[in-house]
Amino acid sequence: MASSAAHVPGPNPQAIARYSAIIVPLIITAIVGWASYVTIVQVAVYRLLQRYHQRAAAIAVIVLYSVSLFMAALCYLRLLQTVWTNPAYLPLGRTKADERRRKSRGRIRRKLRGKHEREAEEGGHLDGGSDVTANDPDLGWGLEQHAEKIRNLEAFRPKEVFVCDYEGMPIWCEKCACWKPDRAHHSSDVGRCVRRLDHFCPWVGGVVSETTMKFFIQFTFYAAFLAVFVLVTDAAVLAKDRHNDYGTNAQLAVLLGFSGLFTLFSTGIFGNTLHMALSNLTSIEAINKGNNTYHLSVLVTPVWYRGDTNEYPFRTTSYPGAPGATYAILFTHPGDNPWDVGWFGNLKSVLGESVLDWWVPLRYGPCTTHDSLESDFPMGKAVDDLKKEAAGF
């Protein structure tokens, strides 16, 4: 008797992401609460103030720790609030129901196959049957995807410069049934396309994107400062206790280990994230950045015409949303970053124009504004050079 092993489905990445986005912030809160007790009570009060009578040092530790913790907590709460209320998800297309359809395709196919086999047994032959083809869920889904693309293309209003595919079409996401603007990517962790997606971070409860990148940088900075401060303070008090033959307190020893671990973790993340911001790159764009090439659709202006001919040395296209306009399909040189506007301009595009914006997590960064007719994000020297090269001057 033949037997088949039951298929055991693997873990759902989106479910794991949802649960980790809830559990991990709670774990962080618990650890920080315990660390605050040890730092303020055990280190500052019991030791610096009462045991060693260093009143000024105790006050300095309490004040500096409290201010740093307040700023880190403020950034973290602002980050969580933005992740949950405005994570920069792109609107889903009208065929989002395709997700349920895709999940049910296997079940539908099995039902059709069972019906087909029963008919074959009853009729004594295997009927070629057009029912399976006519009711093929893959075919229906593909037709609806095509219709959705046509509808969205007619409503698509192109910028003067935007990222396209090889044929000049804007980038289409089949899973979300929508055109993706510049720097948007589909996140398998949340099952959505996200503007300027950097990565999914369970430590902050969701995706780091254009709306959260500023607050993420601020949080990792204050968290790194706090971790270093606790590490140095705790190590100094432990050394002082040992020097005065008080032995090693278990809570201070554990805090030393935690603060050392968090120092390595937070400073590493902050340094990497700051480097990305200075380069105007996301974690996704940084992958193989030395060889990356972008296809750009660029509006052709009258100055591009050469003499009396309308022939161009590049392919052109047009869009229903921009009647009468001609767009050139250009290719960046390998390693060029179209959005690099200089390290200072790159940093301001994320953190803001004023010094207050750099330190206080209130307003969104300028990179969340897309009302320019030229492009979704300011273009840099690489695009200017590309235009000049294409126009012949």
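Position one of the sequence shown corresponds to residue 628 (the working numbering), numbered consecutively onward. Cβ atoms here follow ideal geometry from the backbone N, Cα and C, with glycine treated the same way.
C-alpha distance - residue i paired with residue j, whole-angstrom precision
| i | j | result |
| --- | --- | --- |
| residue 647 | residue 930 | 54 Å |
| residue 904 | residue 834 | 16 Å |
| residue 716 | residue 651 | 22 Å |
| residue 872 | residue 702 | 41 Å |
| residue 643 | residue 712 | 20 Å |
| residue 888 | residue 853 | 12 Å |
| residue 827 | residue 883 | 29 Å |
| residue 1011 | residue 812 | 25 Å |
| residue 684 | residue 656 | 26 Å |
| residue 1028 | residue 801 | Residue 1028 lies beyond the range of the chain shown here (628 to 1020); nothing can be said about it. |
| residue 1013 | residue 840 | 29 Å |
| residue 662 | residue 692 | 11 Å |
| residue 938 | residue 1016 | 15 Å |
| residue 923 | residue 846 | 34 Å |
| residue 669 | residue 879 | 8 Å |
| residue 777 | residue 952 | 19 Å |
Minimum C-alpha distance to residue i - residue among the options
| i | options | result |
| --- | --- | --- |
| residue 837 | 995, 819, 1018 | 995 |
| residue 787 | 948, 991, 1016, 976 | 948 |
| residue 856 | 919, 687, 992 | 687 |
| residue 992 | 649, 842, 777 | 842 |
| residue 829 | 673, 654, 1007, 1016 | 654 |
| residue 848 | 895, 669, 1004 | 895 |
| residue 1002 | 680, 784, 707, 721 | 784 |
| residue 927 | 940, 920, 793 | 940 |
| residue 864 | 674, 819, 664, 951 | 674 |
| residue 649 | 886, 912, 898, 832 | 832 |
| residue 1006 | 804, 790, 943 | 790 |
| residue 1000 | 858, 943, 925 | 925 |
| residue 824 | 898, 966, 714 | 714 |
Beta bridge counterpart(s) of residue i as assigned by DSSP
| i | result |
| --- | --- |
| residue 614 | Examination of residue 614 is not possible in this model, given that the chain is present from 628 through 1020 alone. |
| residue 971 | According to DSSP, which records beta bridges pairwise, residue 971 is partnered with nothing at all. |
| residue 924 | 789, 956 |
| residue 807 | 798 |
| residue 716 | 821 |
| residue 826 | 835 |
| residue 890 | None; residue 890 has no bridge partner. |
| residue 943 | 955 |
is_contact[residue i, chain B] using C-beta, thresh 9 Å
| i | result |
| --- | --- |
| residue 1004 | The chain inventory of the structure shown lacks chain B, comprising one protein chain alone. |
Inset, instruction - Flag this pair as touching only if the stretch 895-910 and the stretch 861-871 have three or more C-beta atom pairs under 8 Å; answer yes or no. - result: no
Legend entry - At least 3 beta-carbon pairs within less than 8 Å: the stretch 983-995 vs the stretch 691-710: yes
Inset, instruction - Give a yes or no on contact between the stretch 951-959 and the stretch 969-976, applying the rule of three or more CB pairs nearer than 8 Å. - result: no
Legend entry - 4-residue-minimum alpha helix (DSSP H) runs that sit fully inside the stretch 828-880, ordered along the chain: 840-870
Inset, instruction - Can you check the stretch 974-1019 for any alpha helix (DSSP H) of at least 4 residues that lies completely inside it and give the ranges in chain order? - result: 982-986, 1008-1018
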